[in-house]
Structures are given as C-alpha cells and as structure tokens.
Amino acid sequence: MLLNPSRPSSSELVELHVFYVPEGSWNYKLNTISIEVINKFISAGFIRVSPQLTLQALRERLGEFLGEDAVAEKFLFLKCIGNNLAVVKKKQESELKLESFAPPYVILNLH
C-alpha cells in the first residue's frame, strides 16, 4: 500500500476541538465570552490539521473538515484574554497559525 506523499503524517497534525457556542453566552458590548460559561459549549467534534495553517487558511477549508454544509463565515475563532474568550479579528486570521490554538502536549522521555 502506497502512502500519499502530500498528506502529512499523524504526528505532524494537531487536534482542534470545535464547539458551538450558545447565543446567550455572548457579551455583545465587548464581543467576548466569559470563560465561566465554557461548560455550556456544545462539542462539534475534533479536526486534525497542520499547525502551520493560518486561521484564514482553515476558514477557507472548513467545508473539507466539517462537511459542505459548514458556513465558514459563521465560524469565529476565539482566543483567551484574561478571564474571557475574545473574537480574533479578521485581519489577524491571516497572521495567526493554528499552533497557537492547539492544546499543549507533554513529551515524556522514557528511559
């Protein structure tokens, strides 16, 4: 069996958790969400992506990961600022890479 050389290996990918955020969770004045309401988020599942992709590139490919019904314009990227999650601005989407949004991983050195 031949492997697709253009497809990265699993070890080169990061898993991102995608959530639906209930509409009542938003602070529209500040365009933020308190981290206290994270437990109300609804999991949409995980996607495996290259950590080198920008948020903008992921937005352009969301249909590949979440199905063609996914409306990329309705998705917001959130980043933690203090005790809130704030919306990433559109101009930042072309600069920020997914590695900034990936969960931390522990590397164990077993002897």
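Each number in my numbering comes from the position in the sequence shown (counting from 1) with 369 added on.
Where a beta carbon is used, it is the ideal one built from N, C-alpha and C, also for glycine.
Through-space distance from residue j to residue i, alpha-carbon basis
i, j, result
"Ile450", "Ser403", "10 Å"
"Ala413", "Ile407", "14 Å"
"Leu427", "Pro420", "10 Å"
"Phe470", "Leu385", "7 Å"
"Lys409", "Tyr389", "9 Å"
"Asn452", "Glu405", "8 Å"
Under the three-state DSSP convention, the category residue i falls into
i, result
"Met370", "Any reading at Met370 must be qualified, since the residue scores a pLDDT of 45, below 50, and its modelled position is unreliable; no value is offered."
"Gly393", "helix"
"Val387", "strand"
"Asn478", "With a pLDDT of 48 at Asn478, under the threshold of 50, the modelled position of that residue is not reliable, and no figure is offered here."
"Asn453", "strand"
Unbroken alpha helix (DSSP H) run spanning residue i, endpoints
i, result
"Ala426", "Leu424 to Leu435"
"Glu442", "Careful: Glu442 lies outside any alpha helix (DSSP H) and carries neither H nor E."
Contacts around residue i, its chain only, beta-carbon distance under 7 Å, and the 5 residues preceding and following it disregarded
i, result
"Trp484", "For residue 484 there is no data in the structure shown, the boundaries of the chain being 370 and 480."
"Val475", "Note that Val475 has pLDDT 49, beneath the 50 cutoff, so the model's placement of it is unreliable and the number below is only indicative. For Val475, where only same-chain residues beyond five positions count, there are no Cβ hits under 7 Å."
"Lys466", "Pro420, Gln421, Leu422 and Thr423"
Spatial neighbours of residue i in its chain, beta-carbon cut-off 6 Å, leaving aside the 5 residues before and after
i, result
"Phe446", "Leu424 and Val457"
"Val383", "Pro420 and Ala471"
"Phe496", "Summary: the structure shown does not reach residue 496, with the chain confined to residues 370 through 480, and so no result is reported for it."
"Tyr485", "This structure gives no information on residue 485, because the portion of the chain shown stretches from 370 to 480."
"Asn400", "Val456"
"Ile411", "Tyr389"
Sequence-distant residues of the same chain with beta carbon closer than 8 Å to residue i, five excluded per side
i, result
"Ser463", "Thr423, Leu424 and Gln425"
Closer than 8 Å: residue i CB and nearest the ligand GDP heavy atom
i, result
"Gln421", "Because no ligand of any kind appears in the structure shown, any question about the ligand GDP cannot be addressed here."
Spatially closest choice to residue i from the options, by CA coordinates
i, options, result
"Val387", "Gln461, Pro473, Val418 and Glu381", "Val418"
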